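Comments concern the structure below.
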Amino acid sequence: MRSGVYRYVRIPRAEAYLAAGWLATPAFDDCHHGRFAILMRACACNPDGVSP
Numbered sequence: 233m234r235s236g237v238y239r240y241v242r243i244p245r246a247e248a249y250l251a252a253g254w255l256a257t258p259a260f261d262d263c264h265h266g267r268f269a270i271l272m273r274a275c276a277c278n279p280d281g282v283s284p
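In terms of our numbering, the sequence shown opens at residue 233 and continues consecutively.
In structure tokens form, the structure reads like this:
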């Protein structure tokens with residue numbers, strides 16, 4: 233896994249994070265946690281990991 237700023241984002245908030253430049257990771261794809269949240273990483277355009 234890359235270093236950087238990560239957030240556990242609930243599914244209903246994921247679109248707002250994607251629109252703010254966050255990147256979805258496949259970390260929960262094969263896990264029951266993936267039904268509730270996505271692990272997202274701040275992109276280079278948002279190095280401080282400011283949430284939307």
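All residues carry an ideal CB built from backbone N, CA and C; glycine is no exception.
Since this is a predicted model, take the numbers as computed values, not measurements.
Out of the options, state which residue places its alpha-carbon closest to the alpha-carbon of residue i.
{"i": "Leu271", "options": "Asp262, Asp261, Thr257, Asp280", "result": "Thr257"}
{"i": "Gly281", "options": "His265, Gly253, Gly266", "result": "Gly253"}
{"i": "Pro284", "options": "Val241, Arg234, Ser235", "result": "Val241"}
{"i": "His265", "options": "Ala276, Ile243, Gly236, Asn278", "result": "Ile243"}
{"i": "Arg267", "options": "Leu250, Ala246, Ala251", "result": "Ala246"}
Nearest-angstrom Cα distance between residue i and residue j?
{"i": "Ala248", "j": "Asp262", "result": "23 Å"}
{"i": "Leu255", "j": "Ala269", "result": "13 Å"}
{"i": "Asn278", "j": "Ala259", "result": "20 Å"}
Would you decide whether residue i is buried or exposed? Buried here means 16 or more other CB atoms lie within 10 Å of its CB.
{"i": "Ala285", "result": "The requested residue 285 does not occur in the structure, where the chain is confined to residues 233 to 284."}
Looking only at its own chain, which residues have a Cβ that is under 8 Å from the Cβ of residue i, when we skip the five neighbours before and after it?
{"i": "Arg234", "result": "Arg273"}
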